[in-house]
Every structure is written in C-alpha cells, then in structure tokens.
Amino acid sequence: MSFTTFSSTAGRTMSAQELQSAIANGEAVEKRDLRGAVLTGLDLSGGQFDRVDLRGAQLGGADLTECDFMHCQFGQADLRAARLAKTTWHDCDLAQARLDGADANGASMLNCDLRAAQLSSACLSNATLLRCKLDDASLAALRAEVLCVTECSAHRCDFSDAQLEKTVFMEVDFAGARWRAASLKNLVFAKAKLRGNVFAGLAMPLCQFVESDLAQADFSGASIEHCMFKGAQLQGALLRGVQARFALFAEATLDGADLSGGFFEQTLWPRASLRAANLRGASLAYANFQAACCEGADLRDADLRFADFSYADLRDARFSHAGFEHTRLHRSAQAGATWSSRRGLVEHDEALLQAELWSR
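The sequence shown finishes on residue 651 if you use this note's numbering, and the numbering steps up by one all the way, no holes.
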C-alpha cells in the first residue's frame, strides 16, 4: 500500500472567502496551502480539491457534502461533526485527524491513511473503504449499516461500543483490534485476520467468518447463533459457554479449541477438524459431525442426543457419561475411544447402507 508524498511549500495560500467563492463558481481548488485555516461551520459542499494541504485546518461542523478530495493532506485536521456525506477521498492523508461525530454516510475512501484518526461516534453507513490504513484509529461508538471495508489494515483499531450491521470486512487485518461492548449483527468477515481478537460476551447473530483466521480468538459467553465459520481457522479458540444454535462450522479447523459448556444444538460440522478439542458438557443435540475429525476430543458429559457422527474419526475420543439417543456412528473410526455406556448409539444406519449400496 503506497501513499502520495506532498510538498508543504508547493501551494499558494487562500483565504476562507476565496475558497468559498471558488467552490461557488464551480472552480477546482488545486495545489493550495490551507494549513491551519479556520473553516469552522463553512458551507464548502460540492468542492473539488486536488493536492490541497489542510493539515491542522479547523473544519468542525463544516458542510463538505459531495466534495471530492484527491491527494490532499488532513493530518491533525479538526473535522468533528463535519458533514461528509457522499464525499470521495483518493490517496489522502488523514493521520491523526479528528472526525468524531462526523456524518460520512455514503463516503468512499481509496488508498487513504487514517492511522490514529479519531472517528468516535461517527456515521459510516453505506460507505466504502478500499486499501486504507486504520491502524490505531478509534472507531468507538461508530454507527454503520451496509459498510464495506476491503484490503485494509486495522491493527489495534478500537471498535468498542460500535454498532455495526450488514457490514462486510474483506481481507482486513484486525491484529490487536478491540471489540468491547460492540453490537455486531449480520456482518461478513471474509479472509479476515482476527487471530487473538476478543469477542467474549458479545451478541453477534448472523455473522459470517468465511475462511478467516480466528486462532486463539475468545468468544467465551458470546451469542453466535446462526453464525457461519466455514473454513475458518479456530485453533485454540475459546468458545466456552457460547450460545451457538444453528451455527455452521463446515470444514473449520478447531484443533485444541475449548467449546466446553457451549450450547450447540442443531449445529453443522461436516468435515471440520476438532482434534483434541474440549467439548465437555456441551449441548450438541441434533448436531451433524459427518466426516468430521474428532480424534482425541473430549466429549464427556456432552448431550449428544440425535447427533450424527457418520464417517467421523472418533479415535481416542472420550465419551464418558455423554447422553446418547439415536446417536449415529455409521462407519465411524472408533479405535481407542472410551465410553461409560453405548446405550442409545446407532452403529449402522440402514438408510445410509442402502444409499451406499445403490451408489455402487
């Protein structure tokens, strides 16, 4: 990711009155020096800015609706409560800028530097961020619906108390990001880097973590009902006591993960890997583990009524005091598995046998 380098001496200065007049006349503002300019509350809507230096400028409460910014500098500028709806930003530097409470509904940012920027309580609904840097930025209490963030870095980004809905994060690196008390509904994390992130206790219904890295992530006590973790990496993740009814873990890797005491009724785990995972005391009634690898998994005291382990690898798994009722083990590998009782187990599923014979 590259950013344009600016010369602070290239542009001529311009007064606030000259700026407003130029915009009113439809003139583009190019190569101007507006460092530290006091533009608080001004109507600058519809302006076209190219290579303008606005570092440290005061734009609090200004109306910048539908402005276009190309190669502009806003480092440490004050844009608190500014109106930024439908603005476009290309190759702009907003490092350490203050955008608290700004309304950026429908804004579009491409290749912009927002490192350490303050966007607390800002609105980014219907906005798009592509190849931007958000490292160390504060998005606390951010409000966004239908936000799309792609190929961005968000190291140590603060999403505390954020309210996000119908948002897509595609190939975003969230190393060290914070999500305390955030409300996350119907989000898509596709190929995202979320290793070690903490989502403990959060409500996250209908979220999708497709092929994302969630190793060592903490979901303890979270509500992840109807969530999808297809192909996700969850090695060593903590899912203790989660509410995960109807969740999908197809082809996910959960080796060494702790899922003890979780509520996983009617969940799907086809071809998932749960080697040495801890599912002790988990509620797994009606769960489908077809062709899953549960080698060495701890399923003691788990509720496995009507669960399906057909074709699964159950070698060395522990099932002591687990609850069985019509629990299917059709063609599963069971060498070394331990049981306190096999009552309620269905060793061979006649319907599957007939299907196998028919398919030959």
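Positions of the beta carbon are idealized from the N, C-alpha and C atoms, including for glycine.
task = Per DSSP, which residues does Phe450 bridge with? Please list them.
result = To locate residue 450, count along the sequence shown from 1; it is residue 159. Answer by DSSP bridge pairing: none, since Phe450 is not bridged.
inquiry  = Using only CA atoms, which one of Phe460, Ser631, Glu318 and Arg346 lies nearest to Phe340?
reply    = Taking the sequence shown and counting its residues from 1, one reaches residue 340 at position 49. It is Glu318.
key: Buried/exposed call for His639, threshold 16 Cβ in 10 Å   = As a working note, residue 639 is residue 348 in the sequence shown. A residue is called buried once 16 or more other Cβ atoms fall within 10 Å of its Cβ, and His639, having fewer, is exposed.
query = Exposed or buried, Val343, counting other C-beta atoms within 10 Å across all chains shown (16 or more means buried)?
reply = As a working mapping, residue 343 is identified with position 52 in the sequence shown. Result: buried.
Exposure of Ala472, with buried meaning 16 or more beta-carbon neighbours within 10 Å = Translated into the one-based positions of the sequence shown, residue 472 becomes position 181. Looking at its Cβ environment, which holds fewer than 16 other Cβ atoms inside 10 Å, Ala472 is exposed.
task = Please report how far the alpha carbon of Ala468 lies from the alpha carbon of Thr331, in whole angstroms.
result = Mapped onto the sequence shown, residue 468 falls at position 177. Mapped onto the sequence shown, residue 331 falls at position 40. So the alpha carbons of these two residues sit roughly 32 Å apart.
query = Out of curiosity, what's the CA-to-CA distance linking Arg486 and Ala445?
reply = Sequence index remark: in the sequence shown, residue 486 carries index 195 (1-based). Sequence index remark: in the sequence shown, residue 445 carries index 154 (1-based). Arg486 and Ala445: Cα-Cα distance of roughly 13 Å.
ask   = If we call anything under 9 Å between Cβ atoms a contact, is Ala398 one with Leu415?
value = Position 107 of the sequence shown, counting from 1, holds the residue named residue 398. Position 124 of the sequence shown, counting from 1, holds the residue named residue 415. Yes. Within cutoff.
inquiry  = Can you find the residues in the same chain that come closer than 6 Å, C-beta to C-beta, to Gly522, ignoring five residues on each side of it along the sequence?
reply    = Your numbering for residue 522 matches position 231 in the sequence shown. For Gly522, where only same-chain residues beyond five positions count, the Cβ hits under 6 Å are Glu502 and Glu542.
ask   = If you count every other CB in all the chains shown that lies within 10 Å of the CB of Asn396, and 16 or more means buried, which is it?
value = As a first step, residue 396 is located in the sequence shown; it is residue number 105 there, counting from the start. Its Cβ being crowded by 16 or more others within 10 Å, Asn396 is buried.
ask   = Count the other CB atoms within 10 Å of the CB of Ser631; is the residue buried (16 or more) or exposed (fewer)?
value = As a first step, residue 631 is located in the sequence shown; it is residue number 340 there, counting from the start. Burial is judged here by how many other beta carbons sit within 10 angstroms of a residue's own beta carbon; Ser631 has fewer than 16 and is exposed.
ask   = What does Trp560 pair with, by DSSP beta-bridge criteria?
value = Taking the sequence shown and counting its residues from 1, one reaches residue 560 at position 269. According to DSSP, which records beta bridges pairwise, Trp560 is partnered with nothing at all.
ask   = Are the beta-carbon atoms belonging to Ala260 and Asp504 less than 9 Å from one another?
value = Any property of residue 260 remains undetermined from this structure, which presents the chain solely from 292 to 651.
ask   = Per DSSP, which one or two residues make a beta bridge with Glu436?
value = Residue numbering aside, residue 436 sits at position 145 when the sequence shown is read from its first letter. According to DSSP, Glu436 bridges with Glu456.
message = Excluding the 5 residues flanking Thr295 on each side, which residues of the same chain have their C-beta closer than 6 Å to its C-beta?
response = Sequence index remark: in the sequence shown, residue 295 carries index 4 (1-based). Here Thr295 scores only 35 on pLDDT, less than 50, and its place in the model is too uncertain to base an answer on.
inquiry  = Ala508 and Asn488 - do their beta-carbons sit closer together than 9 Å?
reply    = Mapped onto the sequence shown, residue 488 falls at position 197. Mapped onto the sequence shown, residue 508 falls at position 217. Yes. Within cutoff.
message = Measuring alpha carbon to alpha carbon, tell me which residue in Glu462, Phe520 and Ser623 is nearest Leu584.
response = The residue labelled residue 584 in the question sits at position 293 within the sequence shown. One detail in the question is off: residue 584 reads as Cys in this sequence, not Leu. Comparing Cα positions, the closest option is Ser623.
query = Do Ala568 and Asp549 have their C-beta atoms closer together than 9 Å?
reply = Translated into positions along the sequence shown, residue 568 becomes position 277. Translated into positions along the sequence shown, residue 549 becomes position 258. Their beta carbons are under 9 Å apart, which means Ala568 touches Asp549 by this criterion.
task = For Ser564, collect the residues of the same chain with a Cβ closer than 8 Å to its Cβ; drop the 5 residues on either side in sequence, then sort them by chain order.
result = Looking up residue 564 in the sequence shown gives position 273. Hits under 8 Å: Ala543, Thr544, Leu545, Asp546, Ala583 and Cys584.
key: Span separating the alpha-carbon of Phe437 from that of Ala535   = If you number the sequence shown from 1, residue 437 lands on position 146. If you number the sequence shown from 1, residue 535 lands on position 244. Here residue 437 is Val; the residue named in the question, Phe, does not match the sequence. Cα to Cα, the separation comes out at about 24 Å.
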